[in-house]
Amino acid sequence: MNSIVSPLLRITLRRGLCACVAAALCLPMLVNAERADRKLKVNITSVDSEGDYGKGIYRLSRNVTITQGTLKITADRADIRTDETEQYHAVLTAKPVCFRQRTDNGDWAQGIADRVEYNSGQGVVELFGNALLIVGEDETRANYIVYNTQVGTFESRDSKDRKSATGLVSFVLQPREKEDKPTTAAGTPAPAAAPKPAIVKTANPPKRNEPAFSRCA
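Numbered as in the working numbering, the sequence shown ends at 1544 without a single skipped number.
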């Protein structure tokens, strides 16, 4: 077994071209994760680690951090499996795990849960147990949330098993600003539409009332 145990592990994974597998999710967040992130390398750090390069299996603990561009996930423990296409699947646990990534329109997607599973090829984040997802100013709370970062859609319910889910979930959806259409008299040319404001992208996500979000600020 080819294993590594070191005070601080840094694993760098190259990202190849990924097949965008869009899961059938129920509500659109209207924003998807920053596309530029997908072309950047993945860095994974922790205090303790062991793994098998041949099998592409790694186990990390204490101060685990995964970063790729604006994507950042922090946890106490992670089990990571890579495949032949150089994509990876990570199972992370903590009290709680913290996730964040900037979207193409400048908003931030931020989530916390007791356990998080992340599939890099599909861009899918699953949050299990005491899950909270905030995208922009829209907020979702449930025991299970799955968020597709590539297409900006999500599902939320009491359990991953849709048939056994019985509990309630909660949403806070902020109103969207509608573009006012100018009205003119018949035969009068309509005035030119005002240019849309430029997208402002901040380097860090906004501070939230949930203290756990500070783990991946």
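The C-beta atom is built at its ideal place from N, Cα and C for all residues, glycine as well.
Any chance the segment 1390-1401 sits against the segment 1366-1378, with 3 or more Cβ pairs inside 8 angstroms? yes
Distance, Y1415 Cα to P1533 Cα: On the sequence shown, residue 1533 is found 206 positions in, with the first residue counted as 1. On the sequence shown, residue 1415 is found 88 positions in, with the first residue counted as 1. The alpha-carbon atoms of P1533 and Y1415 are separated by roughly 28 angstroms.
Using 8 angstroms for Cβ pairs, my map puts L1419 next to A1436. What's the rounded Cβ distance? The residue labelled residue 1419 in the question sits at position 92 within the sequence shown. The residue labelled residue 1436 in the question sits at position 109 within the sequence shown. With a Cβ gap of about 16 angstroms, L1419 and A1436 do not count as contacting.
By how many angstroms is the C-alpha of I1439 removed from the C-alpha of V1348? Here residue 1348 corresponds to residue number 21 of the sequence shown, with the count starting at 1. Here residue 1439 corresponds to residue number 112 of the sequence shown, with the count starting at 1. Below a pLDDT of 50, predicted positions are generally treated as unreliable, and V1348, at 28, falls in that range; the measurement from the model is reported next regardless. Those two C-alpha atoms are separated by around 24 angstroms.
Can you check DSSP and say which residues form a bridge with K1399? Here residue 1399 is taken as the residue at index 72 of the sequence shown, counted from 1. DSSP output for K1399 lists T1394, R1427 as bridge partner(s).
Could you tell me if A1363 is buried or exposed, where buried requires 16 or more neighbouring beta carbons within 10 angstroms of its beta carbon? Residue 1363 sits at position 36 when you count from the first residue of the sequence shown. Under this definition A1363 is an exposed residue.
Relative to the C-alpha of I1526, which candidate in G1433, P1423, N1470 has its C-alpha closest? Taking the first residue of the sequence shown as position 1, residue 1526 is located at position 199. Ranking G1433, P1423, N1470 by Cα distance to I1526 puts G1433 first.
Cα-Cα separation, G1378 to R1484: As a position in the sequence shown, residue 1378 is number 51, starting the count at 1. As a position in the sequence shown, residue 1484 is number 157, starting the count at 1. If you take the alpha carbons of G1378 and R1484, they lie about 34 angstroms apart.
In three-state terms, what does DSSP make of A1525? Along the sequence shown, one-based indexing puts residue 1525 at 198. If DSSP states are grouped into helix, strand and coil, A1525 belongs with coil.
Do you know offhand how far N1470's Cα is from L1387's? Counting from one through the sequence shown, the residue named residue 1470 turns up at place 143. Counting from one through the sequence shown, the residue named residue 1387 turns up at place 60. In a straight line, the C-alpha of N1470 is about 25 angstroms away from that of L1387.
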